[in-house]
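**Q**
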Amino acid sequence: MNAARNPLDTVTFDGPKATQGYNLNKMCYSFNEASAREAFKANEADYCDRFGLTREQKDAIRERDILRLLELGGSIYYLAKFAGLLGLSVQDVGGLQTGMSTEEFKQKLVRAGE
Amino acid sequence: MAKLIGAVGTSHIPAIGKAMDQGLEQTPYWKDFFDAYPPVRTWLDEQQPDIAVVFYNDHGLSFFLDKKPTYAIGTAPEYTNADEGWGIQPIAPITGETELSWHIVNTLIDDEFDVTVCQELRVDHGLTVPMTLLWPNEQYRKIKVIPVAINCERHPMPKPSRSYKLGQSIGRAIQSWSGDEKVVVLGTGGLSHQLDGARAGFINKEFDLFCMEKLVSDPGALLGYTNADLTEIAGAQGVELAMWLAMRGALEGDVKLLHQNYHIPVSNTGAGLMLLEPA
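Just so you know, the protein sequences line up as chains A and B, in that order.
For reference, each letter of the first sequence is one residue, going 1 to 114 in the numbering used here.
For reference, each letter of the second sequence is one residue, going 1 to 279 in the numbering used here.
#1: Please identify, using Cβ separations under 8 Å, the residues of the stretch 262-273 of chain B that lie next to chain A, in order along the chain.
#2: Start and end of the beta strand (DSSP E) containing B/Leu365?
#3: With C-beta atoms as the reference, is A/Asn14 less than 8 Å away from B/His155?
#4: Should A/Arg5 be labelled buried (16 or more other beta-carbon atoms within 10 Å of its own) or exposed?
#5: Which chain B residues sit within Cβ distance under 8 Å of A/Ser35?
#6: What residue from B/Ala246, B/Pro278, B/Ala198, B/Gln22 has the CA that sits closest to B/Gln89's CA?
#7: For a test of the three-state rule: what should DSSP assign to B/Ile16, helix, strand or coil?
#8: Among the residues of its own chain, which have a CB less than 7 Å from the CB of B/His12, if the five just before and after it don't count?
#9: So what does DSSP say about B/Tyr140, is it helix, strand or coil?
#10: Within the same chain, show all residues whose beta-carbon is closer than 7 Å to that of B/Lys165, passing over the 5 residues directly before and after it, in chain order.
#11: Are the CB atoms of B/Gly54 and B/Val115 nearer to each other than 8 Å?
#12: Residues of chain B with CB closer than 7 Å to the CB of A/Ile76, please, in chain order.
#13: Please identify, using Cβ separations under 8 Å, the residues of the stretch 72-89 of chain B that lie next to chain A, in order along the chain.
#14: From the DSSP output, in three-state form, read off A/Ala160 for me.
#15: Just mark B/Ala234 as buried or exposed, buried being the case when its beta carbon has 16 or more other beta carbons within 10 Å.
#16: What would DSSP say about B/Gly187, mapped onto helix, strand or coil?
#17: Output yes if chain A places a C-beta closer than 8 Å to the C-beta of B/Phe33; else output no.
#18: Measure from the C-beta of A/Asn2 to each C-beta in chain B and report whether the shortest distance is under 8 Å.
#19: Does any residue of chain B bring its CB to less than 8 Å from the CB of A/Tyr47?
#20: Taking only runs that begin and end inside the stretch 39-111 of chain B, name each unbroken alpha helix (DSSP H) of 4 or more residues, in chain order.
#21: Straight-line CA distance for B/Ala15 to A/Leu86?
#22: Under 8 Å, with one C-beta from each stretch per pair, do the stretch 251-260 of chain B and the stretch 97-113 of chain A reach the 3-pair mark?
#23: Given a limit of 8 Å on CB to CB distance, which residues of the stretch 150-164 of chain B reach chain A?
#24: Could you check whether the Cβ of A/Leu72 sits closer than 8 Å to any Cβ belonging to chain B?
#25: Under 7 Å Cβ to Cβ from B/Val117, same chain only, skipping five residues before and after it: list those, please.
#26: How big is the Cα-Cα spacing for B/Trp244 and A/Leu67?
#27: Ends of the alpha helix (DSSP H) at A/Val110?
#28: Relative to the C-alpha of B/Pro38, which candidate in B/Leu241, B/Leu133, B/Leu223 has its C-alpha closest?
#29: Under a Cβ-count criterion, where at least 16 other Cβ atoms within 10 Å of its own Cβ denotes burial, should B/Asn268 be classed as buried or exposed?
#30: With DSSP run on the structure shown, which of helix, strand or coil describes B/Arg25?
#31: Residues in its own chain within less than 6 Å of B/His263 by CB, not counting five upstream and five downstream?
#32: Quick one: is B/Thr10 buried, meaning 16 or more other Cβ sit within 10 Å of its Cβ, or exposed?
#33: For the stretch 26-60 of chain B, enumerate the residues whose C-beta is nearer than 8 Å to any C-beta of chain A, in chain order.
#34: Mind listing which residues of the stretch 218-245 of chain B have their C-beta closer than 9 Å to chain A's C-betas, in chain order?
#35: Rounding to the nearest angstrom, what Cα-Cα distance links A/Gln20 and B/Cys211 in this structure?
#36: Can you find the residues in the same chain that come closer than 8 Å, C-beta to C-beta, to A/Leu72, ignoring five residues on each side of it along the sequence?
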């Protein structure tokens with residue numbers, strides 16, 4: 001319980017983070033449109049450049065590194081659209097962030113109800 | 001005079017919409033969750049509300065960070081849903097309401113809630129999932145909806161106590177409306193959950209059950225929490241308690257609990273359901 005209550009485990013998405021991540025989030029917001037998702041898939045690096053992502057943000061996008069994207073100003077609401085584009089569910093994303101398989105992550109959720 | 005007939009608190013998780021799209025309601029994973037809803041649907045069917053005021057949060061469909069209102073209210077005759085990027089099927093348009101909406105806007109501004117007023121708004125799963133859950137098979141289209149969006153994404157967010165007061169003001173607006181419509185209030189989202197970071201998957205059942213009890217008997221006991229407290233105790237997205245507080249604020253005074261359910265997990269969350277009537 002103590003570890004779970006540690007707020008240091010969470011990047012607070014506040015004003016400075018929203019400033020840092022604006023272009024990254026704007027790109028992920030564009031993924032509401034099917035045409036944008038197709039354009040990204042056709043040429044990821046080019047699509048990132050169109051939105052002016054930093055080198056670090058581009059690397060994290062390429063590596064599908066959700067934790068790093070959060071550190072670089074990503075909001076989970078927009079990163080969820082990036083995950084959706086990749087065909088990942090929120091349980092897949094949960095697993096990626098916690099070092100678990102999707103199945104292990106789902107079991108962790110079930111245990112929370114016991 | 002318009003009549004505030006009751007309130008429903010419900011989860012709004014996108015996976016619920018997908019499960020309904022795919023007809024999975026009676027599969028083992030979903031059965032306990034969906035089986036809690038018929039009593040609420042029956043009550044709605046008996047009561048026949050004309051209007052639903054729906055507290056929800058937009059998750060990046062209508063509102064991006066370029067213009068992110070702290071509180072926003074719709075005054076449009078219709079609201080559309082759209083592709084959110086990850087596979088939930090958009091639903092047919094939601095019917096809006098313009099007269100009580102503007103009366104609520106006037107009341108809110110008089111009460112010093114300087115809300116953003118939207119004459120056009122695309123509504124996301126935060127609003128559409130509860131509508132399809134409570135009124136399946138497009139029956140939701142007969143209900144006129146007044147959407148009220150609360151920023152639950154980017155800090156600073158409104159204080160939980162402030163959202164309760166927003167609900168109180170909207171409740172007074174409904175009660176003072178000259179029309180004879182029956183109005184139900186929906187609080188959507190929550191309860192405890194966290195999607196982001198190394199703490200993803202955090203759920204706090206004990207706190208959720210505490211909140212559900214206090215929402216009925218003593219909402220004042222929940223008004224001291226800050227959003228930082230809620231992030232710590234209920235997860236980063238546990239701040240969605242704001243919508244339940246606004247719902248309860250609208251139904252000020254003693255209430256009667258007609259039905260409730262709590263189920264873990266639905267997707268990454270503890271899913272609450274609550275039906276309240278004025279006592």
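Note that the Cβ used here is the ideal one computed from N, Cα and C, for glycine as well.
Predicted, not measured: the structure shown is a model, and the values here were computed from it.
**A** To lay it out plainly:
#1: His263, Ile264, Pro265, Ser267, Asn268, Gly270
#2: Limits of chain B in this structure are 1 at one end and 279 at the other, which puts residue 365 of chain B out of reach.
#3: The question names Asn, but residue 14 of chain A is Asp in the sequence shown. Result yes, Cβ atoms of A/Asp14 and B/His155 sit closer than 8 Å.
#4: The predicted model places A/Arg5 with a pLDDT of 41, which falls under 50 and marks its position as unreliable; any figure quoted below should be read in that light. Residue environment for A/Arg5: exposed (fewer than 16 other C-beta atoms within 10 angstroms of its C-beta).
#5: None at all; the shortest Cβ gap to chain B is about 10 Å.
#6: B/Gln22
#7: The answer is helix: DSSP assigns B/Ile16 an H, G or I state.
#8: Within the same chain, B/His12 has close Cβ partners Tyr56, His125, Gly126, Val129, Pro130, Thr188, Gly189.
#9: Secondary structure of B/Tyr140 (DSSP, three-state): helix.
#10: Gly249
#11: The amino acid occupying residue 54 of chain B in the given sequence is Val; Gly does not appear at that position. No, Cβ-Cβ distance for B/Val54 and B/Val115 is not below 8 Å.
#12: What A/Ile76 touches in chain B: Leu195, Asp196.
#13: Ala82, Asp83, Glu84, Gly85, Trp86, Gly87
#14: In the structure displayed, chain A extends from 1 to 114; residue 160 of chain A sits before or after that span and is not available.
#15: buried
#16: strand
#17: no
#18: Bear in mind that the predicted position of A/Asn2 carries a pLDDT of just 36, short of 50, making it unreliable; the figure below should be weighed with that in mind. Output row for A/Asn2: interface = no.
#19: no
#20: 99-110
#21: The straight-line gap separating the alpha-carbon atoms of B/Ala15 and A/Leu86 is approximately 17 Å.
#22: no
#23: Those residues of the stretch 150-164 of chain B placed with their C-beta closer than 8 Å to a C-beta in chain A are Glu153, Arg154, His155, Pro156, ordered along the chain.
#24: Answer no: the Cβ-Cβ gap between A/Leu72 and chain B never drops below 8 Å.
#25: Ile73, Thr75, Val105
#26: 30 Å
#27: 102-112
#28: Of the candidates B/Leu241, B/Leu133, B/Leu223, the one whose C-alpha sits nearest the C-alpha of B/Pro38 is B/Leu133.
#29: buried
#30: Note that residue 25 of chain B is Glu in the sequence shown here, rather than Arg. Of the three classes helix, strand and coil, the one that applies to B/Glu25 here is coil, per DSSP.
#31: Asp32, Phe33, Ala271
#32: Result: buried.
#33: His59, Gly60
#34: Ala228, Thr231, Glu232, Ile233, Gly235, Ala236, Gln237
#35: 35 Å
#36: Gln20, Gly21, Leu24, Thr54, Glu56, Gln57, Ala60
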